[in-house]
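Residue numbers (full-length UniProt numbering), protein chains in the order written: chain R, 1 to 302; chain B, 1 to 170.
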């Protein structure tokens, strides 16, 4: 087979059938990776845990992209797009991992066979199958609130991923090791904005404080483990989110202190509603934007 | 009768000549994205690693490698992804760094050493430095940590006043 152009080669790689129009690329993200599940680990648990971590990234990426064409300056728009792209990449690997262990929810009832697992999970699950926390789902608010939320969400995620590098699931460990390097950039970028805004003008400081006051209550459920996370933590596969609390509190306090902002009261732990797929009304609108086109034209190719 | 006296190409050399889709001045081998090329029972097995989790060029890289090897006479090619150990800019070769600089892109410095524990906050301006690839001045400043692709930051030279891209350390 001697294709003349790379496009023909891309087409050939997919059996000449063209590629589903809404996917992320031609390659399978876990192609060639040993996806054997470690001994004694429940496949369904591992898959659902990957959905939790993957959905956090997918939903936050979708929120961030709402700033495209509306960010305060061009460089910041590029930065937000880059951060969202990294998160989308993490989501893709994690959803593909969930699919590789057979966790697909009801998505396969709606997605055609040619659609890859990770795309079926992203585009064809309904709101009551998503497992992200409320922290990433809440609307952006203004730019200050967006940066405070990004700081909080990436601080939690970085602390979890740093520990996940030692997971007994080699795929999860590899995704985490790669993600740590990216999340450190994201967190520090958000933290520098919080410093500029908090210690800036009266107006920027007022907005940053209002943003922190709006975001802090969303931390109520991020430190509460589900039974599934506890089982996988016992199996040395997952991280108990309660274990990252001290680190998260320390980092967020340091940034807000230096930004001359008041650290809002830390909320009492709440049940992990998001992880149990209970979400607010805002999710429907977000998923409508994310999934609408793919669901209207599920057989489209290019 | 025609006898083909050409030397059979080495699949490693063929794969090593494939360039990056977004940085066409360097090869995937220069970047350290190409991890391994070997022949297993007649199949050329190529291992590549993504630079960033969301790198959108992986599919094109895969197709470019398959395409180049097909044209070189290797019909069976298996391109595999390797996630671990994660890619680092330290994997970019000296030759790759030279080619980037010639193309006006400042090559990365040393990547931060990964730690097992918490990743420390960096609240000040980035401590990264880069010499201007156009005039050589070290008097440059960062405009944005994020550039046109995930792997690059934007900088400006205070001496010649030209903006330039910098492959940021990761």
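Here a beta-carbon is modelled for each residue, glycine too, at the ideal position from N, C-alpha and C.
*Does DSSP classify residue 131(B) as helix, strand or coil?*
coil
*Interface partners of residue 55(B) on chain R, CB under 8 Å*: Correct list: 89.
_Quick check: residue 349(R) and residue 42(R), are their CB atoms within less than 8 Å of each other?_
One cannot answer for residue 349(R) here, as it falls past the ends of chain R, which runs 1 to 302.
*asked:* What would DSSP say about residue 94(B), mapped onto helix, strand or coil?
replied: helix
*According to the neighbour-count rule (16 or more other Cβ atoms, all chains shown, within 10 Å of its Cβ), is residue 257(R) buried or exposed?*
exposed
_Need the endpoints of the beta strand (DSSP E) that residue 34(B) sits in, please._
Counting along the chain, the unbroken beta strand (DSSP E) around residue 34(B) starts and ends at 34-40.
*Beta-carbon of residue 247(R) versus every beta-carbon of chain B: anything under 8 Å?*
yes
*With DSSP as the reference, label residue 80(B) as helix, strand or coil.*
strand
*List the residues of chain R that residue 80(B) touches, going by C-beta distances under 8 Å, in chain order.*
Those within 8 Å of residue 80(B) in chain R are 31, 32, 33.
_Identity of the residue in 97(B), 74(B), 65(B) nearest residue 130(B) by Cα_ = For residue 130(B), the nearest C-alpha among the options comes from 97(B).
*Out of 33(B), 141(B), 117(B), state which residue places its alpha-carbon closest to the alpha-carbon of residue 159(B).*
141(B)
*Based on Cα-Cα distance, which residue from 51(B), 78(B), 29(B), 52(B) lies nearest to residue 63(B)?*
78(B)
*asked:* Which residue marks the beginning of the alpha helix (DSSP H) containing residue 276(R), and which one marks its end?
replied: Unbroken run through residue 276(R): none, as it is neither H nor E.
*Would you please verify whether the beta carbon of residue 78(R) is less than 8 Å from any beta carbon of chain B?*
yes
*If you drop the 5 nearest sequence neighbours on each side, which residues of the same chain put their C-beta closer than 7 Å to that of residue 71(R)?*
77, 80
*Could you tell me whether any Cβ in chain R is nearer than 8 Å to the Cβ of residue 101(B)?*
no
*asked:* Among the candidates 44(B), 154(B), 17(B), whose CA atom is the shortest distance from the CA of residue 33(B)?
replied: 17(B)
*With distances taken from CA atoms, which of 148(B), 161(B), 94(B) is nearest residue 75(R)?*
148(B)
_Please report the distance separating the alpha-carbon of residue 94(B) from that of residue 138(B)._
20 Å
*Could you give the distance in angstroms between the alpha-carbon of residue 163(R) and the alpha-carbon of residue 179(R)?*
Whole-angstrom Cα-Cα distance: 12 Å.
*Interface residues of the stretch 172-193 of chain R facing chain C [CB-CB below 9 Å]*: Annotation note: the requested chain C is absent from the structure, which comprises protein chains R and B.
*Can you give the Cα-Cα distance for residue 44(R) and residue 25(B), rounded to whole angstroms?*
Distance between the alpha carbons of residue 44(R) and residue 25(B) is about 45 Å.
*With a cut-off of 8 Å, does the C-beta of residue 258(R) fall near any C-beta of chain B?*
yes
*Report yes or no: is there a C-beta of chain R within less than 8 Å of the C-beta of residue 161(B)?*
Taking Cβ atoms only, chain R never reaches closer than 8 Å to residue 161(B), which makes this a no.
*Which ranges would you report for the alpha helix (DSSP H) in the stretch 88-118 of chain R if only whole runs of at least 4 residues count?*
If we require 4 residues or more, the alpha helix (DSSP H) runs fully inside the stretch 88-118 of chain R come out as 107-110.
*Could you work out which residues of chain R lie near residue 164(B), taking near to mean beta carbons separated by less than 7 Å?*
By Cβ distance, chain R contributes nothing, its closest Cβ being about 14 Å from residue 164(B), past 7 Å.
*asked:* On the DSSP bridge list, what partners appear for residue 164(B)?
replied: 155(B)
*Looking only at its own chain, which residues have a Cβ that is under 7 Å from the Cβ of residue 110(R), when we skip the five neighbours before and after it?*
The answer, listed in chain order, is 124.
*In or out: residue 62(R) buried (at least 16 other Cβ within 10 Å) or exposed?*
By the neighbour-count criterion, in which a residue is buried when 16 or more other Cβ atoms sit within 10 angstroms of its Cβ, residue 62(R) is buried.
_Within 8 Å of any Cβ in chain B, is that where the Cβ of residue 26(R) sits?_
Unreliable positioning characterises residue 26(R) in this predicted model, as indicated by a pLDDT of 49, which lies under 50. A coordinate reading is not provided.
*Ignore the nearest five residues each way along the sequence and tell me which others in residue 88(R)'s own chain have a CB closer than 8 Å to its CB.*
24, 57, 58, 61
*For my contact list, residue 144(R) and residue 204(R) are in at a C-beta cut-off of 8 Å; report their separation, rounded to the angstrom.*
7 Å
_Nearest-angstrom beta carbon gap, residue 96(R) and residue 118(R) [assumed within contact, 8 Å]_ = About 4 Å separates the two Cβ atoms, so the contact holds.
*Any contact of the stretch 124-139 of chain R with the stretch 268-284 of chain R, i.e. 3+ C-beta pairs under 8 Å?*
yes
*Taking only beta-carbon atoms, is residue 147(B) less than 8 Å away from chain R?*
yes
*What are the start and end residues of the beta strand (DSSP E) that includes residue 43(B)?*
43-48
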